[in-house]
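Enquirer:
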Amino acid sequence: MATEPAREPSPPNPAPPPASAPAIPGVPPHVPHLEAVATGGGRVYQAARDLHLSEIHQHAGPAGPAAVVEPVLPADEAVGDVFVGRGEESRDVLAILDPAHGATGMVVVSSVAGLAGIGKTALARSCAAEAVARGWYPGGAVFVDLNGYAPHPTDQVMPHHVFGPMLHALGWRDPVDTDPRGQAAQYHRLLVERAAEGRPVLLVLDNASTTTQVADLLPRSRVHRALITSRHTLSARGSRTLVLGTLSPADARTLVEEQLGLLVPHDRRVRHDPDGTARLCALCGHLPLALHIATALLARDPDRTPGALADELARAHSRLDVLDDGERAVRAAFDLSYRRLTPDQARLFRMLPLNPGPHISTEAAARLVDGTDGTVGGVIRELARAHVIERAGAGLWRQHDLIRAYAIEILNQEGDDQDQASNRLLDHYVSLAAEAVRILRHGTGRATPHFDDDEQALGWFDREHPNLQAAISMAATFGDRDGALRLQEGLVALHAHRGQTTEWEAAARSALRFAVEADDHAGHTWALDNMALALAAAGRPEEAAETTEQMLRFQYEVVDAAWNAASAYDAGEALRQALDAVLEGDRLLGEHDGRLVYDLCVKIAETVAEFGRYGLGEAYADLGLRSLETAAETARRTGNHLDNALASARLALERHRTGRMTGALDGCTRALELIPEEGGHDEAASWREVCALLERFCRALATEGRTARAEGTFNATRWRDEGLRFLQAATDTAVLAYGRLGDRAGQARLQSGLAREGFESGDYRLAVSGHRRALTLLRELGDTAGQGTALAELAHTFLLLGDYEQAAASAEPAIDLLVDNDHRGGAGRALSTLANALYRSGRPDQALPAARRAEALAGETDDQQGRVAALLILGLALRDTGNEEEATAVCGQAMELARRTGNGYFTRWTAQILTNEGFPVT
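For the record, in the sequence shown the residue sitting at position 740 is 1195 according to my numbering, with numbers rising by one throughout.
This is the structure we're talking about:
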């Protein structure tokens, strides 16, 4: 059996700072931390989603930004703003989207001069929603923002980021491949199958900046359609480009009038001020985004005319003349709108970009500004009415990318406390993810404050998935490894619940990275366990077994780390978690040789026993027992009799240590039965450890006798009547075990130990039988020194039994054997026993030479108590042979020596004997 190097245990103490995390097979190397600095020198927690760690992703494949794929809802269900003035363009797009149209189904909706906010996305959404409402796309219709104009190219969504999410959104039922090339093949196979089934698919690919972002996503069948938006004119395969210009003055006026009527029913300011409205539309560049914001400003101030707002917007333009017309129009509208916000609204507006994901819930927004859901709900609805945010669903909100960039700029200028806000938001996501995980694990019987059942929990995960991924990236970027790990655990649980093995494995690998970086042993174990489960569920048993063994080997580190725990509780938790991991590993491996499981269980049990001196507490009292029971069962299952016997013997010891003696003797008996009857004894060395453990169990039992005698007469009597019988049974078992190995020395030690405990407990008959059996064994061994000791102790026992003849008969050969082996101290005491036996049997004259010789040997060996005993019997023998004067002197010498020992009990015992015998005590 493999053993760990011996070491001297020490009490639990605070753990030292963690060392650098080790490399883990299968996990990509650490990505350097990114440091973001605000313009004023402060730390920025989020700036336009440009701080994603590359290893965080929803679907297997290359690192990068999260791709959010949304279903396209039919027009009567979709929530949108007033959409006017694009009648001709809408008819053109719908004509091509009509599956009955024979032309190649690519439409590229582009804008002029790179202008943002012109309404490309609104047109694409409107036409897609109408197409779905007409039932044209039974194969599915989806929308994805490719983020092509992100400040950093690494944040642009590329096809390999989209394949996995797109497969799920379109209902791919098989496991998603881990490799992007495999995902691409699955994606196009799905489109081919839908085409063969006569079920067209519509892809809305929004906000692309280059053809590269869309080329690999385009369908290869004429049945399907793709609708692409871009600020540039793209040249995509088989595409038809529709260039959007700004709205006409009339359409711009109509947009303002209809939107204002929607916000303020029966409002007639546009009709009453046509010139002011025309100037306002012109200053907004006839851009739909700027027009919506301007209209929201009018709605918020019923007394302001379009002309008055136009005057104010003109003044803002003069401060922005460095911008081109389109940018100036939008920026001026932003400035006016921001200045109209209340302090609470402005603060929330600035804080919203701290949410790293594409949208934010009302509840999450409340955490950002540390407000209540009700209060913040009212504030965020006002921001929507001001058109600086837009609805993304029930209770969900998002910002246009231009508005978001503007809010980030204002946030840095205002110097808001971003750290605390970001921490509150992360805590919110961590807390809700933990609640959702509890529901998924325990079912609807364990409702939480936010979720009643798994359907609600799954819905929350689906809705917040991109936010969770982005929050993980943010947490990891700024060193919150624990927060990143807790969020990643939520994604692992989600994919595990749904059986999405590819995503499950990928999420578990990311969790493993965070656990290693956080030095979180429990999280490390949990992540490896989930990797193994995912691999097994994916039909990859060899990889699953390898990962399971990796998890088991890691438990050696967990157990060792218990010694550095900050408290006994932490140490106990670490050991409990290690045992749970071993049990899980044993379950996952199924049929296996059991070596790793067995050795770990033994190590845990040994560590628990060492910790016993520091008191792990009652909650962990059964850890050692459970570990050894598992070890024994593992050995039994694998047919390893030696390991089974070792575990059974250790189990008996652990039962004694924890005071749970039920079944302890059964463990000894089971160990005995496993030892081969005819061991031959080439393997005796291996089995001797079993016998040594049984012998340790007997010695441990014997310590109870010493404890009981120290506690008083009642406990001593109880031990003699009950405990001694238990010890005798254990000794008999251990003697038989040594006998199967032909180890007479071990048998003799056990018999002698039982005899001595019998003697100390006052069971002299048991002591006699034990010494006699030991003596027989020692004679077979030819151990003359051992025989001398056994005979001397047997003689002393007979003396106390009053059998002086047997005492003398045992003492005489003992003396010669002990002298021959140069055990002069033992020989001196045997001589005292002989002298005492001769004196008590009425032969004081024969006792005299034995007593004198005993006193001389005790003096030579500096055995002061032995010398006092010899002098006492010498004094009695001298007195009874008529030498009164010498007897008195000898007894006085004995009393003086007793005092010199410094042992009060022994001094009082000596004085009592002298008093009882009529000698003066001076």
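Where a beta carbon is used, it is the ideal one built from N, C-alpha and C, also for glycine. Predicted model, so just to flag it, every value in this text is computed and none were measured.
1. Starting from residue 847, follow the alpha helix (DSSP H) in both directions and report where the run begins and ends.
2. Please report how far the alpha carbon of residue 985 lies from the alpha carbon of residue 655, in whole angstroms.
3. Under 7 Å Cβ to Cβ from residue 963, same chain only, skipping five residues before and after it: list those, please.
4. Starting from the C-beta of residue 1125, find all residues in its chain whose C-beta is less than 6 Å away, skip the five residues before and the five after it, and write them out in chain order.
5. Roughly how many angstroms separate the alpha carbons of residue 1357 and residue 1219, rounded to a whole number?
6. For the segment 1230-1238 against the segment 1191-1200, do three or more pairs of beta-carbon atoms, one drawn from each stretch, fall closer than 8 Å, so that the two count as touching?
7. Give the straight-line distance between the Cα atoms of residue 1119 and residue 1111, rounded to the nearest whole angstrom.
8. Determine the direct distance from the alpha carbon of residue 862 to that of residue 805, and round the result to whole angstroms.
9. Just how far apart, CA to CA, sit residue 973 and residue 1013?
10. Quick test of your reading: residue 1343 and residue 1374, contact by CB under 8 Å. State the CB separation rounded to the nearest angstrom.
11. Could you tell me whether the segment 711-720 touches the segment 796-813, where touching means 3 or more Cβ pairs closer than 8 Å?
12. With a floor of 4 residues, list each alpha helix (DSSP H) that falls wholly inside the segment 651-701, ordered by position along the chain.
13. If you draw a straight line from the alpha carbon of residue 1327 to that of residue 1290, how long is it in whole angstroms?
14. From the DSSP output, in three-state form, read off residue 600 for me.
15. In its own chain, which residues sit with a C-beta less than 6 Å from the C-beta of residue 895, not counting the 5 before and 5 after it?
16. Go through the segment 801-864 residue by residue and report every complete run of the alpha helix (DSSP H) that reaches 4 residues or more, in order.
17. For residue 1109, report the span of its alpha helix (DSSP H) as first-last.
18. Alpha carbons only, please: which of 814, 831, 1018 is nearest the one belonging to residue 924?
19. Grab me the residues of residue 1043's own chain with a C-beta within less than 6 Å of its C-beta, minus the 5 sequence neighbours each way, in chain order.
20. On the premise that residue 678 lies in contact with residue 639, defined as a C-beta separation below 8 Å, what is that separation, rounded to the nearest angstrom?
21. So, with DSSP's three-state summary, where would you put residue 524?
22. For residue 1299 versus residue 1263, is the C-beta distance shorter than 7 Å?
23. Is the segment 1056-1063 close to the segment 1077-1088, with three or more CB pairs under 8 Å?
24. By the three-class DSSP mapping on this structure, what secondary structure does residue 1374 have?
25. Could you check how far apart the C-beta atoms of residue 1312 and residue 1279 are, in whole angstroms? I think they sit under 8 Å.
26. Using a Cβ-Cβ cutoff of less than 7 Å, which residues in the same chain neighbour residue 630 once the five nearest sequence positions on both sides are dropped?
27. Using the three-state DSSP reduction, which class does residue 1065 fall into: helix, strand or coil?
28. Which of the three DSSP states, helix, strand or coil, is assigned to residue 592?
29. At the level of alpha carbons, what is the spacing between residue 529 and residue 624?
30. Evaluate residue 873 with the Cβ neighbour count: other Cβ atoms within 10 Å of its Cβ, from every protein chain shown; 16 or more gives buried, anything less gives exposed.
31. Looking at C-beta atoms only, is the number of pairs between the segment 841-849 and the segment 869-887 that lie closer than 8 Å three or more?
32. Beta carbon of residue 768, beta carbon of residue 738: below 7 Å?
33. I'd like the list of long-range same chain contacts for residue 1101, defined as Cβ closer than 6 Å, with 5 residues on each side in sequence excluded.
34. Rounded to a whole number of angstroms, what is the C-alpha to C-alpha distance between residue 1187 and residue 1170?
35. Between the C-alpha atoms of residue 1306 and residue 1294, what's the straight-line distance to the nearest angstrom?
36. Is residue 1130 helix, strand or coil by DSSP?
Expert: Reading from the atomic positions:
1. Here residue 847 refers to the residue found at position 392 of the sequence shown. Here residue 847 belongs to no alpha helix (DSSP H); instead the beta strand (DSSP E) covers 845-848.
2. Indexing the sequence shown from 1 puts residue 985 at position 530. Indexing the sequence shown from 1 puts residue 655 at position 200. Rounded to the nearest angstrom, the two C-alpha atoms are 38 Å apart.
3. Taking the first residue of the sequence shown as 1, we reach residue 963 at position 508. Result list for residue 963: 947, 982, 985, 986, 989, in chain order.
4. Counting from one through the sequence shown, the residue named residue 1125 turns up at place 670. Counting only Cβ-Cβ distances below 6 Å, and skipping sequence neighbours, we find 1103.
5. In the sequence shown, residue 1357 corresponds to position 902, counting from 1. In the sequence shown, residue 1219 corresponds to position 764, counting from 1. Straight-line Cα distance between these residues: approximately 30 Å.
6. yes
7. In the sequence shown, counting from the first residue as 1, residue 1119 sits at position 664. In the sequence shown, counting from the first residue as 1, residue 1111 sits at position 656. Cα to Cα, residue 1119 sits roughly 7 Å from residue 1111.
8. Within the sequence shown, the letter at position 350 stands for residue 805. Within the sequence shown, the letter at position 407 stands for residue 862. If you take the alpha carbons of residue 805 and residue 862, they lie about 5 Å apart.
9. Taking the first residue of the sequence shown as position 1, residue 973 is located at position 518. Taking the first residue of the sequence shown as position 1, residue 1013 is located at position 558. So the two alpha carbons sit approximately 14 Å from each other.
10. Counting from 1 along the sequence shown, the entry for residue 1343 is found at position 888. Counting from 1 along the sequence shown, the entry for residue 1374 is found at position 919. The pair is a contact, with the Cβ atoms about 6 Å apart (cut-off 8 Å).
11. no
12. 667-670
13. Locating residue 1327 in the sequence shown gives position 872, counting from the first residue. Locating residue 1290 in the sequence shown gives position 835, counting from the first residue. Rounded to whole angstroms, residue 1327 to residue 1290 spans 10 Å at the Cα level.
14. Here residue 600 corresponds to residue number 145 of the sequence shown, with the count starting at 1. The answer is strand: DSSP assigns residue 600 an E or B state.
15. Stepping through the sequence shown from its first residue, residue 895 is reached at position 440. Cβ within range, chain order: 909, 912, 948, 952.
16. 817-823, 828-840
17. Sequence index remark: in the sequence shown, residue 1109 carries index 654 (1-based). 1096-1113 is the span of the alpha helix (DSSP H), which, as asked, contains residue 1109.
18. For the purposes of this step, residue 924 is taken as residue 469 along the sequence shown, with counting starting at 1. Closest by alpha carbon: 814.
19. As a working note, residue 1043 is residue 588 in the sequence shown. 987, 1003, listed in sequence order.
20. Counted from its first residue, the sequence shown places residue 639 at position 184. Counted from its first residue, the sequence shown places residue 678 at position 223. Wrong, their Cβ atoms sit about 19 Å apart, outside the cutoff.
21. Your numbering for residue 524 matches position 69 in the sequence shown. It is a strand residue.
22. Taking the first residue of the sequence shown as 1, we reach residue 1299 at position 844. Taking the first residue of the sequence shown as 1, we reach residue 1263 at position 808. Result no, Cβ atoms of residue 1299 and residue 1263 do not sit closer than 7 Å.
23. yes
24. The sequence position of residue 1374 within the sequence shown is 919, counting from 1. Three-state result, residue 1374: coil.
25. The sequence position of residue 1312 within the sequence shown is 857, counting from 1. The sequence position of residue 1279 within the sequence shown is 824, counting from 1. That pair is a contact at about 5 Å.
26. Mapped onto the sequence shown, residue 630 falls at position 175. Cβ neighbours of residue 630 beyond the five flanking positions: 956, 957, 993.
27. Counting from one through the sequence shown, the residue named residue 1065 turns up at place 610. Helix, per DSSP.
28. Against the sequence shown, residue 592 aligns to sequence position 137. Three-state result, residue 592: coil.
29. Indexing the sequence shown from 1 puts residue 529 at position 74. Indexing the sequence shown from 1 puts residue 624 at position 169. Cα to Cα, the separation comes out at about 16 Å.
30. By 1-based counting over the sequence shown, the position of residue 873 is 418. Residue 873 is buried by the Cβ-count criterion.
31. no
32. As a position in the sequence shown, residue 768 is number 313, starting the count at 1. As a position in the sequence shown, residue 738 is number 283, starting the count at 1. Yes, Cβ-Cβ distance for residue 768 and residue 738 is below 7 Å.
33. Numbered from its first residue, the sequence shown carries residue 1101 at position 646. So the qualifying residues of the chain are 1145.
34. Taking the sequence shown and counting its residues from 1, the one referred to as residue 1187 is at position 732. Taking the sequence shown and counting its residues from 1, the one referred to as residue 1170 is at position 715. Near 24 Å, if we compare the C-alpha coordinates of residue 1170 and residue 1187.
35. The residue labelled residue 1306 in the question sits at position 851 within the sequence shown. The residue labelled residue 1294 in the question sits at position 839 within the sequence shown. In a straight line, the C-alpha of residue 1306 is about 10 Å away from that of residue 1294.
36. Residue 1130 sits at position 675 when you count from the first residue of the sequence shown. Coil at residue 1130, not helix or strand.
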